[in-house]
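**Student:** In the working numbering, the protein residues as written are 3 to 130.
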């Protein structure tokens, strides 16, 4: 199950269209507070979080720090992937420092998006 956290509806729809052919279950959240709540309710049901960095109320960096600080079994290890229009090296470093596992620039490159998901899913399989 992939939790998609994106405040812009059309972007959520694009991500759903990209992910649907893979057969994964998709849960969406329009803001980070909704996402944190969804994850907190059922942390064992969410395998990956895709989160926009620039969100209203709280950014994806702070949301990641809060998720990593939760007292749930996989809070420190669940893959969290940043999605952002800020594609500079410094932006990727900020994402990593906040606890994110990967950084994808918007607009999403479908091949890069697929490659990142495959790498993370492959890493998860070897850890189980």
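Backbone N, C-alpha and C define an ideal beta-carbon position, used for all residues, glycine too.
These numbers come from a predicted model, not from an experiment.
Bridge partners for residue 2 per DSSP, in chain order?
**Tutor:** The chain is shown from 3 up to 130; residue 2 falls before or after that span and cannot be answered.
**Student:** What does DSSP give as the partner residue(s) for residue 86 in the beta ladder?
**Tutor:** Reading the chain shown from its first residue, position 84 is the one you call residue 86. Answer is 107, bridged to residue 86.
**Student:** Under 8 angstroms between the Cβ atoms of residue 102 and residue 74?
**Tutor:** As a first step, residue 102 is located in the chain shown; it is residue number 100 there, counting from the start. As a first step, residue 74 is located in the chain shown; it is residue number 72 there, counting from the start. Not a contact, by the Cβ cut-off of 8 angstroms.
**Student:** In the DSSP assignment, find the unbroken alpha helix (DSSP H) run with residue 31 in it and report its ends.
**Tutor:** Here residue 31 refers to the residue found at position 29 of the chain shown. For residue 31, there is no enclosing alpha helix (DSSP H); the residue is part of the beta strand (DSSP E) that begins and ends at 28-31.
**Student:** Where does residue 9 fall in DSSP's three states?
**Tutor:** Within the chain shown, the letter at position 7 stands for residue 9. Residue 9 sits in coil when the DSSP states are folded into three classes, being neither helix nor strand.
**Student:** Determine the burial state of residue 62: buried for a count of at least 16 other Cβ atoms within 10 Å of its Cβ, exposed for fewer.
**Tutor:** As a position in the chain shown, residue 62 is number 60, starting the count at 1. Per the 10 Å Cβ criterion, buried.
**Student:** Just the C-alpha distance for residue 36 and residue 52, rounded to the nearest angstrom, thanks.
**Tutor:** Along the chain shown, one-based indexing puts residue 36 at 34. Along the chain shown, one-based indexing puts residue 52 at 50. Answer to the nearest angstrom: the Cα atoms are 14 angstroms apart.
**Student:** Taking only three categories from DSSP, how would you classify residue 80?
**Tutor:** Position 78 of the chain shown, counting from 1, holds the residue named residue 80. The three-state reading of DSSP puts residue 80 in coil, since its state is none of H, G, I, E or B.
**Student:** Residue 60: which of 124, 8, 4, 119 sits nearest, CA to CA?
**Tutor:** Taking the first residue of the chain shown as position 1, residue 60 is located at position 58. If we check each option's Cα against that of residue 60, 8 comes out closest.
**Student:** Is it the case that the Cβ atoms of residue 5 and residue 34 are separated by a distance below 8 angstroms?
**Tutor:** Taking the chain shown and counting its residues from 1, one reaches residue 5 at position 3. Taking the chain shown and counting its residues from 1, one reaches residue 34 at position 32. Not in contact: residue 5 and residue 34 (Cβ atoms no closer than 8 angstroms).
**Student:** From residue 31 to residue 98, what distance separates their C-alpha atoms?
**Tutor:** Mapped onto the chain shown, residue 31 falls at position 29. Mapped onto the chain shown, residue 98 falls at position 96. Distance between the alpha carbons of residue 31 and residue 98: 22 angstroms.
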